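Counting in the working numbering, the sequence shown runs from 316 upward without gaps.
Virtual Cβ for every residue (Gly too), placed ideally from N, Cα, C.
Computed from a predicted model, the values in this text were never measured in an experiment.
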Amino acid sequence: MRIRRAEAADLPRLQDIERAAGEPFRELGMVEIADDEPPATAVLERYRAAGRAWVAVDGDDRPLAYLIHDSVDGAAHVEQVSVHPDAAHRGLGRALIDHLGERAAAGGLTGLTLTTFAEVPWNAPYYTRIGFRELAEPDLTDGLREIRRTEKEHGLDRWPRVCMRRDLPRDDPR
316 MRIRRAEAAD LPRLQDIERA AGEPFRELGM VEIADDEPPA TAVLERYRAA
366 GRAWVAVDGD DRPLAYLIHD SVDGAAHVEQ VSVHPDAAHR GLGRALIDHL
416 GERAAAGGLT GLTLTTFAEV PWNAPYYTRI GFRELAEPDL TDGLREIRRT
466 EKEHGLDRWP RVCMRRDLPR DDPR
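And the structure:
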């Protein structure tokens, strides 16, 4: 497995990954999430062109997982990370998140943030296992509050949601 920047030719595959990754939500009764359309290619292209789209690829250079991110209040915000179910349980999502963490720390950012479903096993419980912590309401930044407002407008609060953060190592000033 190798991580590289997403290329324009990858974008339809990223949509396929997103659709496939949504299917397990159906089994939890979250049909609306399973049926949700992936980001449009124009949206993915904006992330790609800005250098904020990464893919984990197989030996044939075919994407198996992807991550897109923003910068929100001094942190790298994971907008989406998805792994094709055929490639699940191989550490691809974690590798993409760790890759982003290394890049973000090198760029002087203080942490990684994301929003996710609190009770979906491969969401908040998973992120807790890889070093994220849930943020209480008073700990939310203005940017995270805005993301949560947008999610609420899109109906995502039908299921419990949380904001999470993983602090990044800082260079020792000595």
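Same chain only: Cβ atoms within 6 Å of residue i, ignoring 5 sequence neighbours per side
i, result
"E333", "P353 and S397"
"P475", "A433 and E434"
"D388", "T456 and G458"
"M316", "A371"
"D373", "L379"
Among the options, nearest to residue i - alpha-carbon criterion
i, options, result
"L427", "G406, P475, R460 and I412", "I412"
"R377", "A391, A364, T425 and R320", "R320"
"D457", "A421, D401 and A390", "A390"
"D454", "A368, C478 and R409", "C478"
"A419", "P400, A335, S386 and F447", "S386"
"V358", "I348, T425 and I383", "I383"
"P484", "G423, T465 and A355", "G423"
"H414", "G374, D373 and W369", "W369"
"P436", "D331, D325, L343 and H469", "L343"
"H490", "G416, E452, K467 and E347", "In the structure as shown, the chain begins at 316 and stops at 489. Residue 490 is therefore absent and cannot be evaluated."
"R367", "E322, E347 and A335", "E322"
"Y362", "Q395, K467 and E347", "Q395"
Outcome for residue i when other beta-carbon atoms lying within 10 angstroms are tallied against a minimum of 16
i, result
"R444", "exposed"
"A371", "buried"
"T465", "exposed"
"L326", "buried"
"L329", "buried"
Beta bridge counterpart(s) of residue i as assigned by DSSP
i, result
"G426", "A390 and D482"
"Y381", "V370 and S397"
"E319", "The displayed chain sequence assigns Arg, not Glu, to residue 319. Answer is V370."
"R476", "F432"
"R448", "R480"
Cβ-Cβ distance between residue i and residue j below 8 Å
i, j, result
"G446", "R481", "yes"
"L429", "Y441", "no"
"A439", "E449", "yes"
"H404", "L379", "no"
"I318", "A421", "no"
Contacts around residue i, its chain only, beta-carbon distance under 7 Å, and the 5 residues preceding and following it disregarded
i, result
"A349", "G337, E338, F340 and R341"
"R489", "Interpretation of R489 is limited by its pLDDT of 46, a score under 50 that renders its predicted location unreliable; no figure is taken from the coordinates."
Nonlocal neighbours in the same chain, by C-beta distance under 8 Å from residue i, ignoring five residues either side
i, result
"A335", "H399, P400 and D401"
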